[in-house]
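By the UniProt record's numbering, the letter at position 78 of the sequence shown is numbered 78, and the numbering carries on one by one without gaps. Report on the following structure.
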Amino acid sequence: MQTLRSTQAFRAGAAPRPQIRSRNVRLVVVNGTVSTNDFKNGLTVEIDQQPYKVIEFLHVKPGKGAAFVRSKLKNFLTGGVVEKTFRAGEQVNTADVQKREGQFTYLEAEEYVFMDTETYEETRLKKDDWANFLKEGTTVELLFYNGKVISVDVPQFMDLKVVATSPNVKGNTVSGGSKPATTETGAVVSVPLFINEGETIKVDTRTGQYLSRVNN
């Protein structure tokens, strides 16, 4: 009767600038409308001429009255989060956002520096939820709104090294419990008991969940 989805994430360290390793691919999201019935996490919408990202939504069908959708939206420009309620099936404007390939090059103070692989221009952004699983050299999508980079999309799946976790206890199996593990980016992920420091794990960056151990 109700469905709730949300997103999570953490931080990255600093290192020398890496070489550009990949070619640019451009994707344009055309301005239009979307039904609130089709809301999904990460969807970009425009409200009061401001770009927002859907970070949480809930479809509600009350016993009496019309169905509606509760949502949490994050303003790309201010970083603020607002709660809005829409009628089920209501049409909402999508934000005219362009996506272009870029690369995370390094962290300087509190700013994350990205390079546009088409123009080789640098863009600096303050830390946001996309930073949780971001490693230097990672290829990302730069999000442009009115010609300005407002955010980035990181790959959905990342292989990360575990730098701190409690030791494995002999006899733990794949079907055992779980424990927290700190990854090389600083993100803390719940992992199976058999995972050890120094191992690499695959993580879903949209949910922050452990997926599997990566064989080196």
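A virtual CB, placed ideally from N, CA and C, is assigned to each residue, including glycine.
Indicate whether the contact test is met: 3 or more Cβ pairs, each with one atom in the segment 153–171 and one in the segment 48–63, closer than 8 Å. The segment 153–171 makes no contact with the segment 48–63: fewer than 3 CB pairs, one atom from each, lie closer than 8 Å.
Taking the alpha-carbon positions, what's the residue 190 to residue 214 distance? Here residue 190 refers to the residue found at position 190 when the sequence shown is read from its first residue. Here residue 214 refers to the residue found at position 214 when the sequence shown is read from its first residue. In a straight line, the C-alpha of residue 190 is about 15 Å away from that of residue 214.
Simplified DSSP state of residue 164, which is helix, strand or coil: As a working mapping, residue 164 is identified with position 164 in the sequence shown. In this structure, DSSP gives residue 164 an extended state, which the three-state scheme calls strand.
Can the beta-carbon of residue 104 be found closer than 9 Å to that of residue 138? For the purposes of this step, residue 104 is taken as residue 104 along the sequence shown, with counting starting at 1. For the purposes of this step, residue 138 is taken as residue 138 along the sequence shown, with counting starting at 1. Residue 104 is a Cβ neighbour of residue 138, given a cutoff of 9 Å.
Less than 9 Å between the C-beta atoms of residue 36 and residue 94, yes or no? Stepping through the sequence shown from its first residue, residue 36 is reached at position 36. Stepping through the sequence shown from its first residue, residue 94 is reached at position 94. Contact: no.
How is residue 128 classed by DSSP in three states: helix, strand or coil? On the sequence shown, residue 128 is found 128 positions in, with the first residue counted as 1. Look at residue 128 here: in three-state DSSP terms it is coil, with no helix or strand label.
Give the DSSP bridge partners of residue 148, in chain order. Residue numbering aside, residue 148 sits at position 148 when the sequence shown is read from its first letter. Answer is 145.
Could you tell me the alpha carbon to alpha carbon distance between residue 167 and residue 84, rounded to whole angstroms? Within the sequence shown, numbered from 1, the residue matching residue 167 stands at position 167. Within the sequence shown, numbered from 1, the residue matching residue 84 stands at position 84. C-alpha separation (whole angstroms): 45 Å.
From residue 188 to residue 182, what does the alpha carbon distance come to, in whole angstroms? In the sequence shown, the residue the question calls residue 188 occupies position 188. In the sequence shown, the residue the question calls residue 182 occupies position 182. Cα to Cα, the separation comes out at about 4 Å.
If you follow the beta strand (DSSP E) that residue 85 is in, where does it begin and where does it stop? The sequence position of residue 85 within the sequence shown is 85, counting from 1. Start and end: 81–87.
Please classify residue 96: does DSSP put it in a helix, a strand, or coil? Taking the sequence shown and counting its residues from 1, one reaches residue 96 at position 96. DSSP, reduced to helix, strand and coil, places residue 96 outside both helices and strands of the structure shown, so it counts as coil.
Continuous beta strand (DSSP E) stretch holding residue 47: start and end: Start at 1 with the first residue of the sequence shown, and residue 47 comes out as number 47. Element bounds for residue 47: 44–47.
Apart from the five residues just before and just after residue 46, which ones in its own chain have a Cβ nearer than 6 Å to its Cβ? Here residue 46 is taken as the residue at index 46 of the sequence shown, counted from 1. For residue 46, where only same-chain residues beyond five positions count, the Cβ hits under 6 Å are 93, 95.
Can you look up residue 196 in the DSSP assignment and give me helix, strand or coil? Along the sequence shown, one-based indexing puts residue 196 at 196. Residue 196 falls in the coil class under three-state DSSP.
Taking the straight line between their C-alpha atoms, what separation do you get for residue 22 and residue 67? The count along the sequence shown starts at 1 and reaches residue 22 at position 22. The count along the sequence shown starts at 1 and reaches residue 67 at position 67. Its pLDDT being 36, under 50, residue 22 is placed unreliably by the model, and the measurement read from it follows with that caveat. If you take the alpha carbons of residue 22 and residue 67, they lie about 46 Å apart.
Using 8 Å for Cβ pairs, my map puts residue 72 next to residue 56. What's the rounded Cβ distance? Taking the sequence shown and counting its residues from 1, the one referred to as residue 72 is at position 72. Taking the sequence shown and counting its residues from 1, the one referred to as residue 56 is at position 56. Between residue 72 and residue 56, the beta carbon gap of about 4 Å places them in contact (Cβ cut-off 8 Å).
Proximity winner among 209, 162, 112, relative to residue 123 (alpha-carbon distances): Your numbering for residue 123 matches position 123 in the sequence shown. For residue 123, the closest alpha carbon among the candidates 209, 162, 112 is that of 112.
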